[in-house]
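To start, the structure under review is shown below, and the notes come after it.
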Amino acid sequence: MSPLKIVAPAGTPAALEAAVAAGADAVYLGFRDQTNARNFPGLNFDRDELAAAVATAHAAGSAVYLAVNTYPEAGDPGPWRRAIDDAVALGADALILADIGLLDYACRRHPGMRLHLSVQAAASSAPAIRLYHEAFGVRRVVLPRVLTVARIAELNAAIPVETEVFAFGGLCVMAEGRCQLSAYVTGRSPNRDGVCSPASHVRYETRDNWLVTRVGAVTVDAFSPGEAAGYPTLCKGRFAVAGGGPGYLFEEPTSLDVGGLLPALMKAGVTAIKIEGRQRGRAYVGRVTKAFRRAVDSAAAGGPVPPLALDDVTEGGRATTGAYARAWR
Amino acid sequence: MPPRPVPPFSPVLFAGLALAPLPTAPLEVALGLVLRRLHARRPGLFARVAGLGERALLIDPVDLPFSIVLRPGAEPPRLSVVSGDGEGEGEGVCAAVRGPLLTLLDLARGRLDGDALFFARALAVEGDTEVVVALRNALDSAGTDLLDETLAALAPAEAPLRWALAAVRAVHGRLAADLASVQAALLAPVAGETARLEARVQALEAVPLRRMPARPPVVAR
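This is how it looks when you write it as structure tokens:
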């Protein structure tokens with residue numbers, strides 16, 4: 036079996052160098068603005084940094100994918116189109132897009148450019164993926180985190196494009212690109228402004244050694260002394276509901292980890308695995324990428340998947356195989 | 002600001018106690034010099050936090066008797082050293098990061114992941130998260146070891162400082178192990194009592210709850 040390609044995150048040039056050094060086949064990143072879905076303060080690349088990143092990655096045999104995966108503001112597609120044009124001019128190897136207007140622009144303006152469909156487009160059925168391929172020439176689709184491995188295998192047999200699946204890191208429990216929770220509370224849309232639970236709206240407080248997390252005016256969680264904490268997202272908050280104490284309404288703080296499923300994903304015809312975490316530090320990127328490099332190489336050689344030993348970097352100190360192994364999905 | 006977290010029982014804590022009577026002014030001068038030289042050498046790092054303007058972050062090594070108030074987005078960036086946990090200090094301080102010195106150093110050196118430390122509660126963050134996130138990302142972006150940068154910035158003193166650090170590293174591990182033994186000896190009586198209480202709680206939890214009498218029916222009057 037051909038080995039899965041590893042697509043690693045980079046929020047900074049240092050993280051890109053760590054990913055490349057750890058053996059990433061490709062690194063995905065975004066510009067320092069609202070055109071990508073990790074628009075956090077101090078993060079991402081300017082144009083000069085992208086040029087340098089492309090040179091660094093190519094010298095090591097890695098590819099660079101640029102995410103332009105938010106949705107343009109009505110009447111003002113300029114920043115998103117400039118991001119596409121500049122990424123092509125600066126030598127990026129693929130564009131990760133979600134909006135059909137931008138897909139149309141990219142395939143007409145840059146016909147030779149490799150286009151990947153972002154998970155933000157939430158395309159999970161064969162007819163939807165075929166449409167993106169036929170209309171815009173999309174060559175790879177990043178699948179939403181809602182499919183079992185068996186369903187992914189069926190999908191791969193029915194579509195003419197490569198598939199990329201999330202392998203490790205933070206989980207969105209909603210249909211990507213459709214979630215309005217953060218926008219409802221903060222007034223800033225993850226799908227347009229590129230940031231879920233924007234840092235400007237997040238506050239941490241310590242009360243009697245409890246860690247209290249707030250997003251806007253909403254208290255999202257309160258972690259007891261010593262309890263492992265999670266990201267300040269509404270979908271992973273604990274809320275008191277009528278007739279009961281506080282509990283997780285949607286999903287618990289936990290990270291995806293498909294280390295044990297790598298042989299099954301290869302057998303299912305998946306082309307690439309994606310590591311989540313452009314907002315994480317270079318230490319995380321280097322360590323997770325290295326662990327998956329070793330695991331993928333071993334699985335491709337028919338050997339056992341070595342333990343990834345990444346528990347200490349998981350959200351809430353816990354990991355899950357998510358929908359991949361959930362029979363009820 | 003909430004009370005300062007309890008520091009770890011470590012050699013750094015004892016070193017901090019020894020340093021407590023000393024004035025903070027020389028440290029402020031040295032760290033200010035490091036900041037100015039880092040600003041000159043790594044303009045891209047500070048460009049990432051330029052939007053923060055005058056907003057200040059309190060960096061509190063909880064095992065040392067001082068904290069640092071840093072304005073990374075000011076032009077030029079500035080810092081001051083304040084005594085204790087910085088409570089009530091520094092105009093414009095809108096966020097704080099607190100943790101053991103060695104953890105903060107490893108974070109600044111790019112050896113640890115900030116989110117993982119936060120999940121594990123090894124770092125405490127309070128206040129305006131935007132300031133904390135921006136600075137963390139900026140520091141991480143440079144791909145540099147901040148300790149090396151600091152030593153290089155103190156150029157004439159670089160060689161002796163490296164020698165001193167190597168000496169500290171050499172004895173730190175042994176001191177930490179010795180202190181762990183002392184801590185275990187001091188806590189032994191408490192640990193025994195805790196184990197006894199825990200066993201008692203478990204035994205009580207194993208007893209089925211007595212059925213509560215049913216509530217009397219509500220009668221309309």
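So the sequences go chain by chain: C and U. Yeah, the first sequence ends on 364 if you go by our numbering, and it's all consecutive. Yeah, the second sequence ends on 222 if you go by our numbering, and it's all consecutive. Yeah, the Cβ is synthetic: ideal placement off N, Cα and C, and Gly gets one too. The structure presented is a predicted model; accordingly, all values stated were derived computationally and were not measured.
By the rule that beta-carbons nearer than 9 angstroms mark a contact, D116(U) touches chain C. Listed along the chain, the chain C residues whose CB falls inside 7 angstroms of the CB of E127(U) are Y239, E240 and T241. Only those residues of the region 260–279 of chain C whose C-beta falls short of 9 angstroms from the nearest C-beta of chain U are listed: P260, G261, E262, A263, A264, G265, Y266 and P267.
Listed in chain order, the positions of the region 311–335 of chain C with a beta carbon within less than 7 angstroms of a beta carbon of chain U are R315, G316, R317, A318 and Y319. Closest in C-alpha terms to L46(U), from the list P9(U), A19(U), P101(U) and P78(U), comes P78(U). The C-beta of F75(C) comes closer than 9 angstroms to at least one C-beta of chain U. DSSP places G45(U) in the uninterrupted alpha helix (DSSP H) bounded by P44 to A48. Listed by position along chain U, the residues whose Cβ is nearer than 8 angstroms to that of T306(C) form an empty set, because the closest Cβ is around 28 angstroms away. Between the region 210–224 of chain C and the region 192–202 of chain C, the count of Cβ pairs shorter than 8 angstroms is below three; the stretches do not touch.
For the set A19(U), A48(U), H173(U) and V202(U), the Cα lying nearest the Cα of L65(U) is the one of A19(U). When 9 angstroms is used as the limit between beta carbons, T47(C) is near these residues of chain U: R49, N138, A139, D141, S142, A143 and G144, in chain order. Close CB contacts of T306(C) within its chain, under the 8 angstroms cut and outside five residues either way in sequence, are with L39, K40, R175, E197, T198 and E199 (chain order). As the crow flies, the alpha-carbon of I135(C) is around 10 angstroms from that of C142(C).
Boundaries for C207(C): no alpha helix (DSSP H) harbours it, and the DSSP string shows neither H nor E there.
Sorting A252(C), R116(C), A72(C) and D332(C) by C-alpha distance to the C-alpha of T105(C) places A72(C) at the top. Under the DSSP definition of a beta bridge, H151(C) partners with I131(C) and R175(C). As a beta-bridge residue in DSSP terms, P281(C) pairs with A275(C).
Annotation: Cβ neighbours of A234(C) in chain U (cutoff 9 angstroms, chain order): D129, T130, E131, V132, V133, V134 and A135. When C-alpha distances from L152(U) are compared across P8(U), F15(U) and R38(U), the shortest belongs to R38(U).
For the options S159(C), L138(C), A157(C) and S160(C), the alpha carbon positioned closest to that of L150(C) is the one of L138(C).
For S68(U), the enclosing beta strand (DSSP E) begins and ends at F67 to R72. G193(U) and P339(C) have their C-alpha atoms roughly 43 angstroms apart. Within the region 54–66 of chain U, no residue has a Cβ lying closer than 9 angstroms to any Cβ of chain C. Distance between L140(U) and V331(C), taken at the CA atoms: about 31 angstroms. For G174(U), the enclosing alpha helix (DSSP H) begins and ends at E159 to A207. Sequence-distant Cβ neighbours of V55(C) in its own chain, meaning closer than 7 angstroms and more than five residues away, are V62, T91, A92, A95 and S97.
Boundaries of the alpha helix (DSSP H) harbouring D332(C): R317 to A335, taken from the DSSP string.
V348(C) reaches chain U at D114, D116, A117 and F120, counting residues in chain order whose Cβ is nearer than 9 angstroms.
By the Cβ test, the region 347–358 of chain C is in contact with the region 279–296 of chain C, since at least three Cβ pairs between them sit closer than 8 angstroms. Taking the Cα of F285(C) as reference, the smallest distance to any Cα among T268(C), A299(C) and L297(C) is reached at T268(C).
Under DSSP, R122(U) takes part in no beta bridge, so it has no partner. In this structure, the CA atom of P24(U) is about 15 angstroms from the CA atom of G33(U).
With 16 or more neighbouring CB atoms inside 10 Å of its own CB, L80(U) falls in the buried class. For P9(U), the CB contacts under 7 angstroms within the same chain, skipping 5 residues up- and downstream, are D64 and P101 in chain order. Take R328(C), set aside five residues on each side of it, and the residues of its chain with a beta-carbon closer than 8 angstroms to its own are I41, A57, G58 and A59, in chain order. Runs of the alpha helix (DSSP H) spanning 4 or more residues and lying entirely within the region 232–306 of chain C occur at 297–302, in chain order.
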